[in-house]
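> Shown below is the structure under consideration.
Number of protein chains: 2
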Amino acid sequence: MAGIGSRQMDDATAGTGARRARVLTGYRPTGPLHLGHWFGNVLNMLSLQQDHDAYFFIADWHALTTDYEDTSGLLGNVEGLVLDWLAAGLDPERSTIYLQSALPEVAELALLLGMVTPLSWLERVPTFKERLRDLAEREIANFGLLGYPVLQTADITIVRGELVPVGEDQLPHLELSREIVRRFNRFYGEVLVEPKALLSETPMIPGLDGRKMSKSLRNDIGLRDDPDTMRSKVRRMVTDPEKVRLGDPGRPEICPVFALHRELSPDILGQTEAGCRAGTLPCVQCKSNLADRMIVHFGPFRERRAVLEDDPKLAAQALAQGEEKVRPLVEQTMGAVRRGMRLA
Amino acid sequence: MAGIGSRQMDDATAGTGARRARVLTGYRPTGPLHLGHWFGNVLNMLSLQQDHDAYFFIADWHALTTDYEDTSGLLGNVEGLVLDWLAAGLDPERSTIYLQSALPEVAELALLLGMVTPLSWLERVPTFKERLRDLAEREIANFGLLGYPVLQTADITIVRGELVPVGEDQLPHLELSREIVRRFNRFYGEVLVEPKALLSETPMIPGLDGRKMSKSLRNDIGLRDDPDTMRSKVRRMVTDPEKVRLGDPGRPEICPVFALHRELSPDILGQTEAGCRAGTLPCVQCKSNLADRMIVHFGPFRERRAVLEDDPKLAAQALAQGEEKVRPLVEQTMGAVRRGMRLA
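As they're listed, the protein sequences go chains Z and S. Going by my numbering, the residue at position 186 of the first sequence is 186; the numbering climbs one at a time, nothing skipped. Going by my numbering, the residue at position 106 of the second sequence is 1106; the numbering climbs one at a time, nothing skipped.
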């Protein structure tokens, strides 16, 4: 079913013979991408684009499950994210890049899936409970937040997604989607495709303070940061707290600076590790080396991003192109769903 | 705002000046209509059609909140209900008659309203708790059932409904819709119209066994029943249990047969009541009088219904006509909603 081929995009939707497997991943438009996203997601998406029939969507409705009170930045975030993706090398010809809210049928499918999704399944989702705890001070326990996994299942199944890249921590969500699909199909026939996990190991990218890089922790280095900002942020990064004086031996395995070297400095990785352990490489020098490489590494991204910035309607164009490509698949799925449920 | 006028249907959607108030009512397609529906709803709809800009929709998605396991009768029920409505005198030129599921935007609006609807508001809805109790043996506690009031709010607000006919027992639902609208508008501006209740007193129509007439209790007299069936059902009706022998005085106020006389027998109501109380009118005769009038009363309906039955595509035509009429209003509302939420 999920054979790998090199057929054209359009063939994949025909559902005939050998073709590339359909893979789907969505992204909440919460702000500019940072290095954590780059190494955690974007590189993976670029790789998926090579050998899969890839669907990348911007989950603007999902953003509302928590950030519903102030949506003033939403449209700007969507545009910025598309331009980030394009600058990173996602290709709207090769992949299908679209906006969730451009497809009202996703909401329709979510509504229909909700009719067969037991409340108890949703209430025991770990992230639902966690979010309620984390955000206890806000009026956060809305119906939409509880329904997040149902909407996610609609996202996946409306494009007949076969593979969904997930980390270990996301496996329970995908398992829930699979359960919803099985229950739906049990009532209405083999209408929906049951998605499989594409387990992806992504490196933990630490932020300036050593915790996981995250915009909400304000410890991030942005892909759009200019070279001076990158350099000054790297300079502020925490290092091994026991290495206080030059000559003290350091522990690269716990140093966030070294974690970024792993991704950015293949040319000097060995000597950096050795110099740190021996205490001969001063942290200031080590950070300067990292900043140099980071600035060079993201140079091409920065330049393409600047060009795109001058022509932001390219974002709308890419999304329109994606919508046009995804629409036949959406209509095919919804036709089968409505017929299966005897609504049509 | 809700002035009564005699302008054309199309003017009402323009939102200018004096016009008829928009009133909305929906109906779950659960099976053939019976006398309880006729006196409880249909007569009210016919009256609304006279002096309001009336929207009557078939709530096929709502039917799925409880009857999701077997949907094989759904399409037939929808067609049957439209034909019942047409036979009763609802006029697709004058009113807007449409199918809920023909408008994916209703699901979209429900999804968006769900983002701002606290779970606690939904969990305390009395009918939600009751249904869970009544149907405890079924796996009924689905996400869709909990979200019923959210979907209902979308139904009302997508057509900018100003008035919603409700009985006393339905007031809490409408109040919840009003709360959701106010909360939405507080976040996103005065986008949605807050509906008002149009309190309608509807008579309690008893079924054959004296309990409220209901298809699920199998105590109903159907509008489509043929004269012989009507007569035989009336003959089976319970009467005052203390009136066992001819000559025993009866209590019309507790007799289900007399309750139907009230609706159907203005010509003999006084003498029926007097004869019952005096014990001079035998129940058999009283029932025969009722059956005579019932058969005559529903004669015109039965005849029109039979004609329509021969041309069932009229149902699809009426729904298509309604969909075309409602669409500009739906697009106007959804444009305002998407802009208000900064999704577009």
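Beta carbons are placed, not taken as given, at the ideal position from N, Cα and C, and that holds for glycine.
Give the single residue among S/Asp1209, S/Glu1179, S/Glu1242, S/Met1045 whose Cα lies nearest to the Cα of S/Ala1154.
The sequence position of residue 1154 of chain S within the second sequence is 154, counting from 1. With respect to the C-alpha of S/Ala1154, the residue from S/Asp1209, S/Glu1179, S/Glu1242, S/Met1045 having the closest C-alpha is S/Glu1179.
> Could you have a look at Z/Pro172 and say whether DSSP puts it in helix, strand or coil?
The residue you call residue 172 of chain Z lines up with position 172 of the first sequence. Z/Pro172 falls in the helix class under three-state DSSP.
> Give a yes or no on contact between the stretch 144 to 158 of chain Z and the stretch 55 to 75 of chain Z, applying the rule of three or more CB pairs nearer than 8 angstroms.
yes
> Determine the chain S residues that contact Z/Val238 at a beta-carbon separation under 8 angstroms, and present them in chain order.
Position 238 of the first sequence, counted from the start, is the residue given in the question as residue 238 of chain Z. Here the premise fails: no neighbours, minimum Cβ distance about 37 angstroms.
> Quick one, which of Z/Arg28, Z/Met115, Z/Ser200, Z/Ser72 has its alpha-carbon nearest Z/Trp355's?
A query on residue 355 of chain Z cannot be resolved here, the shown segment of chain Z reaching from 1 to 344 and no further.
> Quick check: what's the CA-CA separation for Z/Glu162 versus Z/Glu194?
Locating residue 162 of chain Z in the first sequence gives position 162, counting from the first residue. Locating residue 194 of chain Z in the first sequence gives position 194, counting from the first residue. Answer to the nearest angstrom: the Cα atoms are 7 angstroms apart.
> Could you name the residues of chain S that Z/Trp61 contacts, counting a contact when the two beta carbons are closer than 7 angstroms?
As a working note, residue 61 of chain Z is residue 61 in the first sequence. Those are Leu1111, listed as they occur along chain S.
> Shorter than 7 angstroms from the beta carbon of S/Glu1123 to some beta carbon of chain Z?
Looking up residue 1123 of chain S in the second sequence gives position 123. It does not; no Cβ of chain Z falls within 7 angstroms.
> Which residues bound the beta strand (DSSP E) around Z/Leu163?
Within the first sequence, the letter at position 163 stands for residue 163 of chain Z. Where Z/Leu163 is concerned, the enclosing beta strand (DSSP E) stretches over 163 to 166.
> Can you list, in chain order, the stretches of the alpha helix (DSSP H) that have 4 or more residues and sit fully within the stretch 203 to 268 of chain Z?
Qualifying alpha helix (DSSP H) stretches, in chain order: 227 to 235, 256 to 264.
> Looking at the C-beta of Z/Leu33, does it have a partner C-beta in chain S at a distance below 7 angstroms?
Mapped onto the first sequence, residue 33 of chain Z falls at position 33. No - not a single Cβ of chain S is within 7 angstroms of the one on Z/Leu33.
> How big is the Cα-Cα spacing for Z/Glu137 and Z/Arg160?
Numbered from 1 along the first sequence, position 137 holds the residue referred to as residue 137 of chain Z. Numbered from 1 along the first sequence, position 160 holds the residue referred to as residue 160 of chain Z. In this predicted model, Z/Glu137 has a pLDDT of only 44, less than 50, meaning its place in the structure is not dependable; the value taken from the coordinates is given anyway. Spanning the two alpha carbons is a distance of roughly 38 angstroms.
> Quick one: list the residues of chain S neighbouring Z/Arg342, beta-carbon separation under 7 angstroms, in chain order.
Here residue 342 of chain Z refers to the residue found at position 342 when the first sequence is read from its first residue. The answer, in chain order, is Thr1071, Ser1072, Leu1074, Leu1075.
> I'd like to confirm the pairing. Which residues does DSSP put opposite Z/Ile58 in its beta bridges?
Mapped onto the first sequence, residue 58 of chain Z falls at position 58. Here Z/Ile58 is bridged, per DSSP, to Z/Tyr27, Z/Leu99.
> Out of curiosity, what's the CA-to-CA distance linking S/Arg1339 and Z/Val234?
Numbered from 1 along the second sequence, position 339 holds the residue referred to as residue 1339 of chain S. Numbered from 1 along the first sequence, position 234 holds the residue referred to as residue 234 of chain Z. Cα-Cα distance, rounded: 40 angstroms.
> Please tell me whether S/Phe1128 and S/Gln1100 are closer than 7 angstroms, where the distance is taken between their beta carbons.
Along the second sequence, read from residue 1 onward, the residue named residue 1128 of chain S stands at position 128. Along the second sequence, read from residue 1 onward, the residue named residue 1100 of chain S stands at position 100. Cβ distance not < 7 angstroms, so S/Phe1128 and S/Gln1100 don't count as in contact.
> Determine whether the Cβ of S/Glu1137 lies closer than 7 angstroms to any Cβ atom of chain Z.
In the second sequence, the residue the question calls residue 1137 of chain S occupies position 137. With a pLDDT of only 44 at S/Glu1137, under the threshold of 50, the placement of this residue in the model should not be trusted, and no figure is reported.
> Considering only DSSP beta bridges, list what Z/Pro118 is partnered with.
For the purposes of this step, residue 118 of chain Z is taken as the residue at position 118 of the first sequence. DSSP output for Z/Pro118 lists S/Asn1142 as bridge partner(s).
> Between Z/Asp169 and chain S, is there a C-beta pair that is closer than 7 angstroms?
Position 169 of the first sequence, counted from the first residue, corresponds to residue 169 of chain Z. It does not: the Cβ of Z/Asp169 has no partner Cβ on chain S nearer than 7 angstroms.
> Answer with buried or exposed for S/Asp1220, where buried requires no fewer than 16 other C-beta atoms within 10 angstroms of its C-beta.
Position 220 of the second sequence, counted from the start, is the residue given in the question as residue 1220 of chain S. Buried is the call here.
> Ordered along the chain, which non-local residues of its own chain (more than five positions away) have a Cβ less than 8 angstroms from that of Z/Leu269?
Taking the first sequence and counting its residues from 1, the one referred to as residue 269 of chain Z is at position 269. The answer, listed in chain order, is His261, Arg262.
> Return the first residue and the last residue of the beta strand (DSSP E) that S/Leu1198 is part of.
The residue labelled residue 1198 of chain S in the question sits at position 198 within the second sequence. Per DSSP, S/Leu1198 is one residue of the beta strand (DSSP E) stretching across 1196 to 1199.
> Helix or strand or just coil, what does DSSP make of S/Arg956?
No information on residue 956 of chain S is available, as it lies outside the stretch 1001 to 1344 that chain S covers here.
> Within the same chain, show all residues whose beta-carbon is closer than 8 angstroms to that of Z/Thr30, passing over the 5 residues directly before and after it, in chain order.
Residue 30 of chain Z sits at position 30 when you count from the first residue of the first sequence. Listed in chain order, the non-local C-beta contacts of Z/Thr30 below 8 angstroms within the same chain comprise Ala63, Asp67, Asn77, Lys215, local neighbours out to five positions each way being set aside.
> Between the Cα of Z/Val326 and the Cα atoms of Z/Tyr55, Z/Arg304, Z/Met294, which residue gives the shortest distance?
For the purposes of this step, residue 326 of chain Z is taken as the residue at position 326 of the first sequence. Out of Z/Tyr55, Z/Arg304, Z/Met294, Z/Tyr55 has the C-alpha closest to the C-alpha of Z/Val326.
> How many angstroms separate the CA atom of S/Val1150 from the CA atom of Z/Gly114?
Counting from 1 along the second sequence, the entry for residue 1150 of chain S is found at position 150. Counting from 1 along the first sequence, the entry for residue 114 of chain Z is found at position 114. Roughly 13 angstroms separates the two Cα atoms.
> With a CB to CB cut of under 6 angstroms and the five nearest residues on each side skipped, what residues in its chain are close to Z/Arg342?
Translated into positions along the first sequence, residue 342 of chain Z becomes position 342. Counting only Cβ-Cβ distances below 6 angstroms, and skipping sequence neighbours, we find nothing.
> Could you give the distance in angstroms between the alpha-carbon of S/Pro1206 and the alpha-carbon of S/Gln1271?
For the purposes of this step, residue 1206 of chain S is taken as residue 206 along the second sequence, with counting starting at 1. For the purposes of this step, residue 1271 of chain S is taken as residue 271 along the second sequence, with counting starting at 1. A direct Cα-to-Cα measurement between S/Pro1206 and S/Gln1271 gives close to 21 angstroms.
> Closer than 6 angstroms: is that where the CB of S/Ser1265 sits relative to any heavy atom of the ligand FAD?
You won't find the ligand FAD in this model; it holds no ligand whatsoever.
> For S/Ala1315 versus S/Leu1046, is the C-beta spacing smaller than 7 angstroms?
The count along the second sequence starts at 1 and reaches residue 1315 of chain S at position 315. The count along the second sequence starts at 1 and reaches residue 1046 of chain S at position 46. Their beta carbons are not under 7 angstroms apart, which means S/Ala1315 does not touch S/Leu1046 by this criterion.
> In whole angstroms, what separates the C-alpha of S/Gly1026 from that of S/Arg1019?
The count along the second sequence starts at 1 and reaches residue 1026 of chain S at position 26. The count along the second sequence starts at 1 and reaches residue 1019 of chain S at position 19. Between S/Gly1026 and S/Arg1019, the C-alpha separation is close to 22 angstroms.
> Determine, using beta carbons only, whether Z/Arg183 and Z/Val116 come nearer to each other than 7 angstroms.
On the first sequence, residue 183 of chain Z is found 183 positions in, with the first residue counted as 1. On the first sequence, residue 116 of chain Z is found 116 positions in, with the first residue counted as 1. Going by C-beta atoms, Z/Arg183 is nearer than 7 angstroms to Z/Val116.
> Return yes when the Cβ of Z/Ile97 is within less than 7 angstroms of the Cβ of Z/Ala318, no when it is not.
Taking the first sequence and counting its residues from 1, the one referred to as residue 318 of chain Z is at position 318. Taking the first sequence and counting its residues from 1, the one referred to as residue 97 of chain Z is at position 97. Yes, these two residues count as a Cβ contact at 7 angstroms.
> Given a limit of 7 angstroms on CB to CB distance, which residues of the stretch 322 to 343 of chain Z reach chain S?
Flagged, chain order: Met341, Arg342, Leu343.
> Does DSSP put S/Asp1310 in a helix, in a strand, or in coil?
Position 310 of the second sequence, counted from the first residue, corresponds to residue 1310 of chain S. It is coil, neither helix nor strand.
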